[in-house]
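Heads up, the thing below is written out as structure tokens.
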Amino acid sequence: MARKGEFGQIWDYIKNTQLWRSVMRHGTPNTPRNRSLAVLSNLVLHLHPIRLRKSALRVRYTWCMGGLTFFLFLVETITGLLLMFYYRPTAEFAYVDISDLRYHVPIGIMREIHRWAAHAMVISVWLHMMRVFMTGAYKPPREFNWGIGVILLVLTLLLSFTGYLLPWDQLAMWAITVGTNMARATPFLGHEGPGAAFITLGDINLVHAASDVRFALLGGRFVGAPALLRFYVLHCVGIPLVASFLMALHFWRVRKDGGISGPL
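Set out below in structure tokens:
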């Protein structure tokens with residue numbers, strides 16, 4: 142049944158915008174059979190295509206930075222899981238466990254592999270984004286996937302930021318102190334940021350020093366044991382789960398949008 146009235150006109154306008162066509166490539170299926178076919182063709186048949194372009198398999202001057210970033214993410218996952226057997230996220234044992242990994246644990250080198258792979262992952266994802274931008278691979282119909290890539294870049298930086306506190310040394314504590322102090326100026330989320338004064342409930346200001354993003358990250362006013370635990374959960378569970386889902390969506394959209402554009 143056709144939609145009528147003002148709401149129907151607004152809905153039809155939204156469906157005809159470039160943003161909607163970029164996200165929903167198959168329109169709006171109107172029967173259960175068409176919905177099933179759209180889900181099947183979008184998720185299963187196009188995730189692993191039968192044929193690929195030759196240019197998509199050549200490793201050229203860009204050194205396959207997207208694939209290298211994913212490989213480094215796998216290295217981070219494997220070494221991170223191994224480190225979880227030796228690391229205890231408490232103020233009493235965190236620094237001691239890191240020292241044991243460096244000097245006493247037989248395969249303690251995995252901690253250094255984890256650290257250097259994190260640095261390399263940040264560099265590779267930046268180079269990958271630069272390649273996509275310089276070759277114009279962000280243009281329609283790939284603009285939605287470009288947005289996903291930008292979010293993945295932010296998540297990569299957040300993974301490094303949350304992991305920075307886990308050694309629980311002076312460098313980590315003061316670096317996180319500076320970083321979370323900067324979060325106080327985040328628009329709408331930090332109590333010193335622009336727009337925070339407009340988020341109110343009646344006469345009550347909802348964003349203040351005891352409820353903004355800095356307080357949520359630290360679990361208090363200063364870097365302490367609650368902050369260590371929260372950063373550990375974000376670093377090991379929260380951010381990796383979101384990043385894994387978005388990477389799967391990112392890879393699927395690469396194939397859905399016609400494969401890799403230009404050199405790897």
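When you read off a place in the sequence shown, starting at 1, and then add 141, the result is the number in the working numbering. Just so it is clear, CB atoms sit at the ideal spot from N, CA and C, and this is done for glycine as well. Treat the numbers as computed from the prediction; the structure is a model and nothing was measured.
query = Under the rule that 16 or more other beta-carbon atoms within 10 Å means buried, what is M270, buried or exposed?
reply = When all chains shown are included, M270 counts as buried.
query = Does the Cβ of N286 have 16 or more other Cβ atoms within 10 Å, making it buried, or fewer, making it exposed?
reply = Classified as buried, N286 has 16 or more neighbouring CB atoms from the shown chains inside 10 Å of its CB.
inquiry  = Rounding to the nearest angstrom, what Cα-Cα distance links F339 and T276 in this structure?
reply    = Our two residues, F339 and T276, have alpha carbons roughly 41 Å apart in a direct line.
ask   = Rounded to a whole number of angstroms, what is the C-alpha to C-alpha distance between G334 and T327?
value = Cα atoms of G334 and T327: separation of roughly 5 Å, rounded to the nearest angstrom.
ask   = Which residues bound the alpha helix (DSSP H) around G365?
value = Segment: none, G365 is in no alpha helix (DSSP H) and carries neither H nor E.
query = Taking C-alpha atoms, which residue in A259, L306, R283, A350 lies nearest to K397?
reply = Nearest option by C-alpha distance: R283.
ask   = Could you give the residue range of the alpha helix (DSSP H) that holds R229?
value = Going by DSSP, R229 is part of no alpha helix (DSSP H) at all; its letter is neither H nor E.
message = To the nearest angstrom, how far is the alpha carbon of F386 from that of F214?
response = Rounded to the nearest angstrom, the two C-alpha atoms are 13 Å apart.
key: DSSP three-state assignment for N171, whether helix, strand or coil   = Residue state, collapsed to three classes: coil.
ask   = So which of R362, T303, D153, I239 has the shortest CA-CA distance to Y228?
value = Residue I239 is the option with its Cα nearest to Y228.
ask   = Are T220 and M251 closer than 8 Å when you measure CB to CB?
value = With respect to M251, T220 sits close: the two C-beta atoms are nearer than 8 Å.
ask   = Any idea which residues DSSP pairs T321 with across the strands?
value = Note: T321 sits in no beta bridge, so no partner.
key: Spatially closest choice to G249 from H260, F234, P230, L224, by CA coordinates   = Comparing alpha-carbon positions, the option among H260, F234, P230, L224 lying closest to G249 turns out to be L224.
ask   = Do you know offhand how far G207's Cα is from I254's?
value = Cα to Cα, G207 sits roughly 20 Å from I254.
key: Continuous beta strand (DSSP E) assignments of at least 3 residues falling wholly in the stretch 232-265   = Annotation: the stretch 232-265 contains no complete segment of the beta strand (DSSP E) (minimum length 3 residues).
task = Check whether the Cβ atoms of F372 and T303 lie closer than 8 Å to each other.
result = Pairing F372 with T303 gives a Cβ-Cβ distance under 8 Å.
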